[in-house]
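Each residue of the first sequence is one higher than the one before, counting from 64 in our numbering. Inspection log for the structure reproduced underneath, given as structure tokens.
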Amino acid sequence: MGQKKQRLLEAKRHQSPPDGTRTASPKEPRLEPPTTLGPQRSIYFSSLKGRPARLGSEFFDQPAVPLARAFLGQVLVRRLDDGTELRGRIVETEAYLGPEDEAAHSRGGRQTPRNRGMFMKPGTLYVYLIYGMYFCMNVSSQGDGACVLLRALEPLGGLEAMRQLRHTLRKGVAGRALKDLELCNGPSKLCQALAIDKSFDQRDLATDEAVWLEQGPLGPSEPAVVAAARVGVGRAGEWALKPLRFYVQGSPWVSVVGRAAERDTQARAKASRDEDF
DNA sequence: CTCTTGATCCTCT
DNA sequence: GAGGATCAAGAGA
Numbered sequence: 064m065g066q067k068k069q070r071l072l073e074a075k076r077h078q079s080p081p082d083g084t085r086t087a088s089p090k091e092p093r094l095e096p097p098t099t100l101g102p103q104r105s106i107y108f109s110s111l112k113g114r115p116a117r118l119g120s121e122f123f124d125q126p127a128v129p130l131a132r133a134f135l136g137q138v139l140v141r142r143l144d145d146g147t148e149l150r151g152r153i154v155e156t157e158a159y160l161g162p163e164d165e166a167a168h169s170r171g172g173r174q175t176p177r178n179r180g181m182f183m184k185p186g187t188l189y190v191y192l193i194y195g196m197y198f199c200m201n202v203s204s205q206g207d208g209a210c211v212l213l214r215a216l217e218p219l220g221g222l223e224a225m226r227q228l229r230h231t232l233r234k235g236v237a238g239r240a241l242k243d244l245e246l247c248n249g250p251s252k253l254c255q256a257l258a259i260d261k262s263f264d265q266r267d268l269a270t271d272e273a274v275w276l277e278q279g280p281l282g283p284s285e286p287a288v289v290a291a292a293r294v295g296v297g298r299a300g301e302w303a304l305k306p307l308r309f310y311v312q313g314s315p316w317v318s319v320v321g322r323a324a325e326r327d328t329q330a331r332a333k334a335s336r337d338e339d340f
């Protein structure tokens with residue numbers, strides 16, 4: 064069996080069931096984003112009336128590592144100007160811890176006009192241009208200069224719009240149709256697919272009209288999470304090796320699989336199982 | 001599968 | 001001026 068197929072099977076129990084609502088219709092836009100949960104209601108319960116709860120600022124007000132883990136399984140929603148809703152389940156994130164983190168843009172306490180969003184209140188977006196051509200999307204967390212990078216989504220709705228956005232935004236490439244797996248499996252790919260650009264920098268994910276986070280479906284069990292080294296931070300010394308990248312184990316939608324990290328995770332899981340005896 | 005390379009430009013030193 | 005929290009294609013194993 065191919066590895067991708069195997070991962071698909073492994074991940075199946077954590078995926079949302081296929082249904083007819085995967086693609087939002089541009090002709091029937093939602094009138095407004097879901098209302099934010101009040102502080103009196105738990106963020107871990109969906110709102111009544113079936114409409115999924117929008118996660119409010121209290122969700123983002125936690126340190127980068129727990130926030131990076133809490134993002135997994137939540138659904139990122141982007142409403143385009145024409146009303147089309149694009150949805151994707153977050154399956155991979157990275158935590159950037161702030162001044163002490165040599166791999167972070169805020170390392171050494173650097174604060175510049177570009178990275179200001181990292182220092183703003185939890186839930187603030189930090190979107191920056193990378194390699195002159197691509198964008199990366201971060202969400203500020205608790206802690207000065209700390210944030211979480213969104214690295215991969217499982218596309219749930221609006222896939223054709225995503226494909227079109229990826230196609231037209233890709234530079235200088237022939238028009239081969241992208242597979243679903245290629246739509247959002249990378250930090251800049253998901254920005255292309257969701258039409259997230261610099262204009263989203265410093266916007267508030269808790270209150271913005273065009274982009275928000277919804278509570279993901281509550282599964283029977285929490286998905287297994289792999290903690291691996293972050294990607295593309297090779298020159299950051301010891302900080303490059305720390306397991307600050309988190310992803311849903313077995314998900315085929317993840318950008319980079321950390322083989323060594325998965326071996327470690329399995330070894331630890333087995334050890335903890337053995338301790339139960 | 002892995003490895004290599006070019007594209008392209010903002011941001012900070 | 002240099003370099004980057006990336007992507008996609010192509011070559012080779």
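Beta carbons are placed, not taken as given, at the ideal position from N, Cα and C, and that holds for glycine.
Residue i - partner residues in DSSP beta bridges
{"i": "R152", "result": "V138 and E217"}
{"i": "A158", "result": "V211"}
{"i": "D267", "result": "T187"}
{"i": "P126", "result": "Q205"}
9 Å Cβ cutoff met for residue i and residue j
{"i": "R117", "j": "E277", "result": "yes"}
{"i": "L188", "j": "S203", "result": "yes"}
{"i": "L130", "j": "L213", "result": "no"}
{"i": "F123", "j": "P162", "result": "no"}
{"i": "R152", "j": "E217", "result": "yes"}
{"i": "C199", "j": "S251", "result": "yes"}
{"i": "G206", "j": "P306", "result": "no"}
{"i": "G313", "j": "A287", "result": "yes"}
{"i": "L149", "j": "M225", "result": "yes"}
{"i": "A258", "j": "L228", "result": "yes"}
{"i": "Q174", "j": "G208", "result": "yes"}
Close Cβ partners of residue i (< 6 Å) along its chain, the five nearest in sequence each way excluded
{"i": "V317", "result": "V154, E155, A215 and Y310"}
{"i": "Q329", "result": "none"}
{"i": "A323", "result": "none"}
{"i": "V274", "result": "R141"}
{"i": "H168", "result": "N178"}
{"i": "Y159", "result": "A167 and C210"}
{"i": "Y107", "result": "Caution applies to Y107, whose pLDDT of 49 falls short of 50 and renders its modelled position unreliable; the value that the coordinates give is listed next. Excluding residues within five positions, none has a Cβ falling inside 6 Å."}
{"i": "G172", "result": "P162"}
{"i": "L253", "result": "L216 and C247"}
Extent of the continuous alpha helix (DSSP H) run through residue i
{"i": "F382", "result": "The first residue shown for the chain is 64 and the last is 340, placing residue 382 beyond what the model contains."}
{"i": "E338", "result": "R322 to E338"}
{"i": "M181", "result": "R179 to F182"}
Bounding residues of the beta strand (DSSP E) (the contiguous stretch that carries residue i)
{"i": "A291", "result": "V288 to A291"}
Close-in-space but distant-in-sequence residues of the same chain around residue i (CB under 8 Å, 5 per side omitted)
{"i": "D264", "result": "G180, L188, Y189, V190 and Y191"}
{"i": "K261", "result": "V190, Y191, L192 and F198"}
Nonlocal neighbours in the same chain, by C-beta distance under 7 Å from residue i, ignoring five residues either side
{"i": "D243", "result": "P218 and L222"}
{"i": "D164", "result": "R170 and W302"}
Cβ-heavy atom distance, residue i to the ligand SAM, below 8 Å
{"i": "V128", "result": "Only the bare structure without any ligand can be found here, which leaves the ligand SAM out of the picture."}
Task: Whole beta strand (DSSP E) elements within the segment 187–252, 3-residue minimum - done: Here the runs fully enclosed are 188–193, 197–203 and 210–220.
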